[in-house]
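Peer 1:
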Amino acid sequence: SSSSASPPSSPHCLSPPKSITIDPNNDFVCIPKKLMPVIGARINDWLERNVNFALSLSVIQDTLENDKDKYLIFSRVWHR
1 SSSSASPPSS
11 PHCLSPPKSI
21 TIDPNNDFVC
31 IPKKLMPVIG
41 ARINDWLERN
51 VNFALSLSVI
61 QDTLENDKDK
71 YLIFSRVWHR
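For the sequence shown, full-length UniProt numbering assigns the number 1 to the initial residue and increments by one for each residue that follows.
1) Tell me the DSSP secondary structure of Val29 in three-state form.
2) Is Phe74 closer than 7 Å to Val38 when the C-beta atoms are compared?
3) Output the distance between the C-alpha atoms of Asn44 and Ser58, rounded to the nearest integer angstrom.
4) Where do the ends of the alpha helix (DSSP H) carrying Leu55 lie?
5) Going straight from the alpha carbon of Glu48 to that of Arg42, what length do you get?
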């Protein structure tokens with residue numbers, strides 16, 4: 001018996017790696033709890049890069065006079 005096979009009682013997201021395929025009809029992804037901090041950090045990095053990119057656009061720089069406006073806009077988006 002191989003150790004990768006999951007017992008019948010385990011939830012779907014604990015099934016062996018071969019079942020991890022992208023299903024276009026399934027919007028949900030099971031993430032092991034121990035991976036959450038890593039994934040959270042990656043998402044934060046990604047958000048930060050996008051915010052920095054948006055702030056660097058000349059349209060944004062021309063439109064918003066001061067950094068306080070930018071901060072308010074992005075903090076509102078961030079906490080949504």
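Ideal placement from N, C-alpha and C gives every residue a C-beta, glycine not left out.
Peer 2: To lay it out plainly:
1) Counted from its first residue, the sequence shown places residue 29 at position 29. Val29 carries a coil assignment under DSSP once its states are collapsed to helix, strand and coil.
2) Indexing the sequence shown from 1 puts residue 38 at position 38. Indexing the sequence shown from 1 puts residue 74 at position 74. No, these two residues do not count as a Cβ contact at 7 Å.
3) As a working note, residue 44 is residue 44 in the sequence shown. As a working note, residue 58 is residue 58 in the sequence shown. Each residue's alpha carbon lies about 24 Å from the other.
4) As a working mapping, residue 55 is identified with position 55 in the sequence shown. Residues 36-56.
5) The residue labelled residue 48 in the question sits at position 48 within the sequence shown. The residue labelled residue 42 in the question sits at position 42 within the sequence shown. Rounded to the nearest angstrom, the two C-alpha atoms are 10 Å apart.
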